[in-house]
Amino acid sequence: MKNLRMSKKLIVMFVVTGLIPMLVLSFFLQGRTAEEISNGILSENSLYFALKGEEISNYYSQRAEDGLVLSSVPDVYEGLGIVAEQGLQSIEWKKHALSLNKLLNTSVKEYGFLDIYVTDQKGNVIIASEYKFSLEGKNLSENEYIQKGLSGVQNWSPISYSEYIKDNTITLSTPVYENGKSGTVVGTLNILLHQDVMDQIVHTGIERVGESGNSYLINEEGLLLTNTKQGDYVENAALEIVIDTEATKMLSDALIKQDYEFEFTDTYINYSGNKVLGSAGIVKMGDTYAALIIEVDETEALSTLDNMKNIIFIMVGIAGVLGLLSAIYFATTISKPIKAVVEQSKVIANLDISNDIPEKLVNRKDEIGDLSKALKSIVGSLKVIVSEIRVSSEQVAASSEELTATTQQSSMATEEVARTVEEIARGASDQARNTEEGSLKAVQLGETIEKDQSYIKNLTKSSQRVSDVVSEGLIEIENLTRISEESNRETKKVHDGIIKTNESANKIGEASSVIASIAEQTNLLALNAAIEAARAGEAGRGFAVVAEEIRKLAEQSTSSTQTIDEVVQELQSNSNAAVNIMEKVAVILNKQTESVNVSKTKYLTISEAIMEAQRAVEDLNMSGKEMEKVKEEILDTLQNLAAIAEENSASTQEVSASMEEQAAAIEEISSSSETLSELAQNMQSIIMKFKI
């Protein structure tokens, strides 16, 4: 799952949270529907069983009422009185038999009886409506129902095979009293019913249970008391076939145990080997009890379930396809802008800020729009900062180049000054040597006064030349002072440019901090969204996956800001190094300025000494004629000149040392300016990584 794209995760989420529960629900509905249908069928069977049980009971009760009514009709009990008094051959009985026969025929036709016959006190059949030849004259006193009827008890015979009419019958025997409803029992009135009556009662309406609906009666031995509605026992099976199933066994046990309240509803295998939904129980049939069984094939009962399964599968399939298409659409709608934002973030991470964030992303009203606005703001800020840094680095590079050129000029001027100082030093040495020779040969001064005058003239020229050189040195010192001041000003500009560069780098750091803060807030929002999705349970999982992707984007933004921070730190480090170098350059320039000022002072001292020498030469010219007289004074003057020459030599040595220090300082400045130029170039190469 970690390597899946968000669109695929959303589709998987739909399958997990939508389609799978739908399938589970459909299977659950199928099972539940099957159970409900089964329960409905069984309830219907139970209702049918109750209705048929009541119908059987009502039928027996109604026939019992019929028997009581017929037995109390005068034609019946008066006819038995005539037979008892006059016999079956009497004319009175024959006349009365016509009337009684008419009554019995009417009742048989009206109520659908198989027959009605009457017996006397001995159980002899004196008249029968339909089966006259089979029944009239027969003695039926051996039958229990006749015996109970003659004892004054109305009773029913069980369904049994009649040898007289060769069929399965049921008989209701009702006692006939001499006065109709009172007196002694003079005979019985017997209503003969065909076993088909029970078939009709049990089978009528069974089609409402189902086309495979079946119903039948059995006794305690499992013997069929009626034919079945379905299968192999629809004809001639009553009192012939014993049914051996799980249901008939339970019912037989209940009948044997006289558990007449026993009922059950269940699924089992019927006598044909088919699985059925059955309801059964004990019903009363006159004076006996039997078991009524209602069945319907499970295949038919659950046939609607197959149709329902097909409908459910079709609906689930349609819903699944629509849901999958919706998931793909929404996944594409969500993941596509996120991919676009990620691509923009990758471009920014590669330091390419030349392109703006697409307006269609910025104009969105959701979190993606907020993120796009933030990225757009970051890109804008980076463009401004990088542009400022680029301009500052160019200025630093230009200033460093100017500083390098200036230091080169200062170096050349310093070399010229050094050469001049060397010439002055040589002149001072010559002066000292000449003065020493003059001192040694002072005694010969008189002799060589003319030569001395010539030497004085030469000295005058040399002094003038030294004066000129000193003047030129002062001019060079002034130029060097001006150059030092220019170097200080340019160094100040470079220093200020580096400070601005450092401030721009700090701004980048602040912008990077803003990005990191936005990423951290986004991460917190994603975390809060994940927590809320977890609280929402299954319904929040899609939102959790989206929150996880937003958190990853925040981590990517944090990684990008770390990269920017590293660049900024490198830029700040270079800027700080440049600041330190410029501070050293400023110190060196200050020392250079101080050295220049010292050199200027020395040159002024040399100028004053030269002026004094010139005044001395003038004095020599003016007092040339008196030189012989003041020989001693000349010796003193020569000694003074020797001292001055020594001072001049020492001064020139100091100036030479100062110039050497100045040259070394200028070399350091040149090296620092080259380092500054390299730093500026490095800064530009770093800035050039950004594509604006």
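Following UniProt numbering, the numbering of the sequence shown begins with 1 at its first residue and continues without gaps. Virtual Cβ for every residue (Gly too), placed ideally from N, Cα, C. Since the model is a prediction, treat every value here as computed from it, not as a measurement.
Asked	Found
Where does L679 sit, in a helix, a strand or coil, going by DSSP?	helix
Output the distance between the C-alpha atoms of F49 and T245, rounded to the nearest integer angstrom.	18 Å
Ignore the nearest five residues each way along the sequence and tell me which others in E136's own chain have a CB closer than 8 Å to its CB.	Y117, V125, I126, I127 and A128
List the endpoints of the continuous alpha helix (DSSP H) containing D199.	Q195 to H203
Write down the C-beta distance between I146 and S173 rounded to the nearest angstrom, noting that I regard them as a contact closer than 8 Å.	6 Å
Alpha carbon to alpha carbon, how far is M285 from Y60? Give it in angstroms, no decimals.	7 Å
Considering only their Cβ atoms, is the gap separating I201 from I293 smaller than 8 Å?	no
What three-state label does DSSP hand S279 in the structure shown?	strand
Ignore the nearest five residues each way along the sequence and tell me which others in Y161's own chain have a CB closer than 7 Å to its CB.	N168 and L239
Of all the options A97, I483, S157 and N190, which has the alpha carbon lying nearest to the alpha carbon of T70?	Checking the sequence, you will find Leu at residue 70 rather than Thr. Residue N190 is the option with its Cα nearest to L70.
Do D75 and L47 come within 8 Å of each other at the CB atom, strictly closer than that value?	no
Give me the Cα-Cα distance between S672 and I581, rounded to the nearest whole angstrom.	6 Å
Are the region 226-239 and the region 248-267 touching by the rule of at least three beta carbon pairs closer than 8 Å?	no
What is the DSSP secondary structure of M688, counted as helix, strand or coil?	helix
Look at the alpha carbon of I353 and the alpha carbon of Q521, and state the distance between them as a whole number of angstroms.	23 Å
Could you pull out every unbroken beta strand (DSSP E) segment of at least 3 residues lying fully inside the region 115-164, listed in chain order?	115-120, 125-128 and 160-162
Would you say the region 203-220 touches the region 273-292, given that touching needs at least three Cβ pairs under 8 Å?	yes
Run the CB neighbour count on A643, radius 10 Å, all protein chains shown included, and call it buried at 16 or more, exposed below.	exposed
Assuming the contact rule is C-beta atoms closer than 8 Å, K166 and N155 should be a hit. Round their C-beta distance to whole Å, please.	Not confirmed; about 24 Å, so no contact.
In this structure, how does DSSP classify T593 when only helix, strand and coil are distinguished?	helix
Have a look at A577, E163 and T406 and flag the residue whose alpha-carbon is nearest the alpha-carbon of N479.	T406
Is the number of C-beta pairs between the region 196-210 and the region 83-101 that are closer than 8 Å three or more?	no
Considering only C-alpha positions, which residue in the set K492, E44, T558 and D120 is nearest to I518?	T558
Within its chain, find whatever has a CB closer than 8 Å to the CB of K275; leave out the 5 residues flanking it on each side and keep chain order.	T267, Y268, I269, D297, E298 and T299
Quick one, are the C-beta atoms of Q86 and E92 less than 8 Å apart?	yes
Report yes if the C-beta distance between V515 and T561 is below 8 Å; otherwise report no.	Note that residue 515 corresponds to Ile in the displayed sequence, not to Val. Taking 8 Å as the Cβ cut-off, I515 and T561 qualify as a contacting pair.
Can you give the Cα-Cα distance for L545 and L679, rounded to whole angstroms?	Sequence inspection shows Val at residue 545; the Leu mentioned does not correspond to that position. If I take the Cα positions, the gap works out to 48 Å.
As an exercise, report each continuous alpha helix (DSSP H) stretch of at least 4 residues that is fully enclosed by the region 172-241, in chain order.	195-203
Cα separation between A349 and S595?	52 Å
Check the Cβ-Cβ distances between S134 and every residue of chain C, and say whether any is below 8 Å.	Absent from the structure: chain C. Only one protein chain is present.
Quick check on the DSSP output: the alpha helix (DSSP H) that includes I294 runs from which residue to which?	Segment T288 to D297 is the beta strand (DSSP E) holding I294; no alpha helix (DSSP H) there.
Comparing C-alpha positions only, which one of K360, E44 and N179 sits nearest to R208?	E44
Would you identify the three-state DSSP class for K602, choosing helix, strand or coil?	helix
How many angstroms separate the CA atom of G369 from the CA atom of E510?	23 Å
So Y77 is in the beta strand (DSSP E); what residue range does that whole segment cover?	Element bounds for Y77: not the beta strand (DSSP E) but the alpha helix (DSSP H), P74 to Q86.
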